[in-house]
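The sequence shown begins at 125 in the working numbering and counts up by one. Reviewing the structure listed below.
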Amino acid sequence: MWRRRGGTFAALAAFFTVAIMFFGIGGASALTAPATLADQSAPLPLGSTVQTGAVHTDVKGKTFAIATDTTFAPFEFRDGSGELVGIDMDLLRAIATDQGFEVDVKSLGFDAALQALQSNQVSGVIAGMSITDERKKVFDFSAPYFDSGVQMAVTKNNQDIKSYEDLKGKTVVAKRGSEGETFANSIKGEYGFTVKALADSATMYDDVKAGNSVAVFDDYPVLAYGVSQNNGLKIVTEKEQGSSYGFAVNKGQNQDLLAAFDSGLANLKANGEYQKILDKYLAKSEVEEQGGFFQLVKDSFPALMKGLWLTMVATVLSLAIALVLGVVFGFFKVAESRILRGIATTYVAIFRGTPLLVQAFFFYFGLPQMTGQPLSVLAAGVITLSLNAGAYMTEIVRGGIQSVDAGQLEASRSLGLGYVTSMRRVVVPQAVKIMTPSFINQFVITLKDTSLLAVIGFAELTYQGQQIYASNFRTGETLLIVAALYFIVITALTQLSNVVDRKFNK
Ligand code: GLN
């Protein structure tokens, strides 16, 4: 049936090669320092006194990808213009300048940042990350740069919860993978409460304010800062003895970067810059005036447009690849060869039978851990979406072809046209007409599915919205704006597609 079966395979192979080259999968990683370099510089024992004035020449001119939390004010958060600022950010940048290296900061969320480090997607993490014994088994830490500890907060007007004893039978929230979560879990048996884990501080506070959980466990400087910014919470317990924050690299790796961080930190402490950075964020307790809804629309517009652009980029790239996959596997599905049908059926089964979110985690965190090759978030996102949408496209194409009456092909063949010509001139044009509405539907689904990539830190529209309400605490209004943008874009594009459909598929 397939005359040019070999050709199809070759085309598929060529396509994947191009895709791989395009996304730089398998390329040499610029993120991880070569082992030889790491081996040459002696790691600094934790807490040792570092010589000030030292500059580590082996990191000079290099760029390191560093992961951080999305929202952990005053350590990392977005200012009004969408810039990532905070104590961690200023310290990191000042140290990089001092030591002559560059940083590419990736705002992923706390748990995701640690995972990105472990899969070597980034060289280091700075995220108000506590230096704990457990973590020291897998990470190497810089000298501590800030003392912290866990505290509990409830809504401002909550009169019932004043201590851990009042938590009996209730649900509290803490950040996934954080010291706060570990602490809450360590006392939940004693006080009889349930611990729920969420990904970032802003969502945790919202959860408490929405009444889904009664209290939140988070680091005290962060809670205190949020309360001073009117986040609607109040602190009700004394702070628990906690660990200090440090900059982390994978154990035994990037020791040159770690040593440079330590030298830079020592230099900043010596020249007063470190204290200046702390004062800049901690002394600032005045609450910024918040404007009305339209002011919020205006302020958030640049960041949201950036997000919308990335949403469109990911959608278009993914759909283009998905279309190729759909056509190839769709034809496989109606092929006579059992092998081709088997391949297509397996592909569809896998990608339709597993959640998109699991696929995204797998391509961004899992695969790089297994292969040792980091993958950019755009590449991982597009691979996920295109493979997923490709599975649905396959079914659309198969259904389209099969819905054209078999007599059409027979009639065309009996008129003396070859199989390929008959398909191309008779069957496919009719099938396309039938498939178009389903294609438009898939396009809308894929566009909306890009929002799931926010969990791997892809800075699309939903992610930008999350970043905004993480720093202004105006969740409801921000989400309304985000939803309206999706709605407008999707409605406009469906209208457009329908017009095109009517014009060409008359
Ligand atoms: N200090 C806490 C920890 O390391 C929380 C860090 C964070 O939420 N960014 O677990």
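Think of the CB as a built atom: it goes at the ideal place given N, C-alpha and C, for glycine as much as any other residue. Note that the structure is predicted; figures quoted are calculated from it, not measured.
Selected residue, minimal CA-CA separation from residue i, among the options
i    : options                   : result
V437 : G206, V606 and T574       : T574
L215 : K393, G366 and F188       : K393
V278 : V332, V319, F307 and I474 : V332
D380 : V556, F225, L406 and K400 : F225
D403 : G210, A189, G450 and I592 : G210
F563 : L322, K299, D257 and V624 : V624
V351 : P561, Q619, N596 and N622 : N596
F628 : V556, V568 and E207       : V556
T615 : F567, S302 and A339       : F567
A473 : M517, A237, S500 and S442 : M517
F265 : V274, G252, M429 and G273 : G252
D182 : A191, I569, L576 and L382 : L382
G273 : G304, A535 and V501       : G304
S424 : Y593, R476, A197 and T439 : Y593
D343 : D271, E289 and V296       : D271
Q123 : V550, G313 and Q588       : In the structure as shown, the chain starts at 125 and stops at 630, and residue 123 therefore has no counterpart that could be examined.
S231 : L585, Y610, M429 and I580 : I580
L347 : Y329, A321 and N336       : Y329
K312 : S325, G301, T327 and V296 : V296
M188 : T327, T195 and L241       : Residue 188 is actually Phe in this sequence, not Met. The shortest C-alpha separation from F188 is found at L241.
T256 : T361, S367 and S337       : S367
S337 : A578, Q591, K320 and L541 : K320
L406 : V179, D386 and A197       : A197
Residue i classed as buried or exposed, judged by whether at least 16 other C-beta atoms fall within 10 angstroms
i    : result
G496 : exposed
I660 : This structure gives no information on residue 660, because the portion of the chain shown stretches from 125 to 630.
L539 : exposed
R259 : buried
G600 : exposed
D284 : exposed
I605 : buried
T560 : buried
R626 : exposed
A323 : buried
L509 : buried
P426 : exposed
G150 : Residue confidence is low: G150 scores 36 on pLDDT, short of 50, so the model does not pin down where it sits. Its coordinate-derived value is still stated next. Exposed.
A607 : exposed
K286 : exposed
M145 : Legend: pLDDT at M145 = 42, less than 50; position of this residue unreliable, value from coordinates given subsequently. M145 is exposed by the Cβ-count criterion.
K400 : exposed
Q365 : exposed
L620 : exposed
F417 : exposed
A159 : Confidence is the limiting factor: at A159 the pLDDT is only 34, short of 50, which leaves the residue's position unreliable, though a coordinate-based value still follows. Burial call: exposed.
R202 : buried
S302 : buried
G396 : exposed
I463 : exposed
P345 : buried
Enclosing beta strand (DSSP E) for residue i [first to last residue]
i    : result
E637 : Since the displayed the chain opens at 125 and closes at 630, residue 637 lies outside it and no answer follows.
F196 : First-last for F196: undefined, no H or E at that position.
V179 : Taken as a continuous stretch (DSSP letters only), V179 belongs to no beta strand (DSSP E), as it is neither H nor E.
L322 : T318 to L322
L491 : Counting along the chain, L491 falls outside any beta strand (DSSP E), though it belongs to the alpha helix (DSSP H) covering L491 to T495.
D264 : F263 to F265
V246 : Note, V246: premise wrong, no beta strand (DSSP E); not H, not E.
Element boundaries [alpha helix (DSSP H), containing residue i]
i    : result
L499 : Run containing L499: none; DSSP gives neither H nor E here.
T279 : That residue, T279, is in no alpha helix (DSSP H); its beta strand (DSSP E) goes V274 to T279.
T327 : S325 to K333
I219 : I211 to Q223
D342 : No alpha helix (DSSP H) contains D342, which is instead part of the beta strand (DSSP E) from A339 to D343.
K312 : E303 to Y315
T618 : T599 to F628
A237 : F234 to Q242
K260 : D257 to K260
Nearest-angstrom Cβ-Cβ length linking residue i and residue j, presumed shorter than 8 angstroms
i    : j    : result
G505 : A484 : 7 angstroms
L571 : T478 : Between T478 and L571 the Cβ distance is about 21 angstroms, and since that is not below 8 angstroms, they are no contact.
I445 : G514 : 7 angstroms
D193 : G248 : D193 to G248, Cβ: 13 angstroms. No contact.
Y269 : G370 : 7 angstroms
A384 : Q223 : 4 angstroms
F263 : A191 : Not a contact, Cβ separation roughly 12 angstroms.
A298 : L389 : Not quite, the Cβ-Cβ distance comes to about 28 angstroms (not below 8 angstroms), so this is no contact.
F453 : Y471 : 6 angstroms
L428 : L609 : 6 angstroms
Beta carbon proximity, residue i to chain D, threshold 9 angstroms
i    : result
R549 : As a matter of chain content, chain D is missing from the structure shown, which is built from one protein chain.
Q. What are the complete alpha helix (DSSP H) segments, minimum 4 residues, inside the region 394 to 435?
A. 397 to 406
Q) Fully enclosed by the region 441 to 482, which alpha helix (DSSP H) runs are 4 residues long or longer? A) 462 to 476
**Q.** Minimum length 3: unbroken beta strand (DSSP E) runs contained in the region 361 to 392
**A.** 372 to 374
Q: Give, in chain order, every unbroken run of the alpha helix (DSSP H) that is at least 4 residues long and sits entirely within the region 518 to 594.
A: 530 to 538, 543 to 546 and 552 to 573
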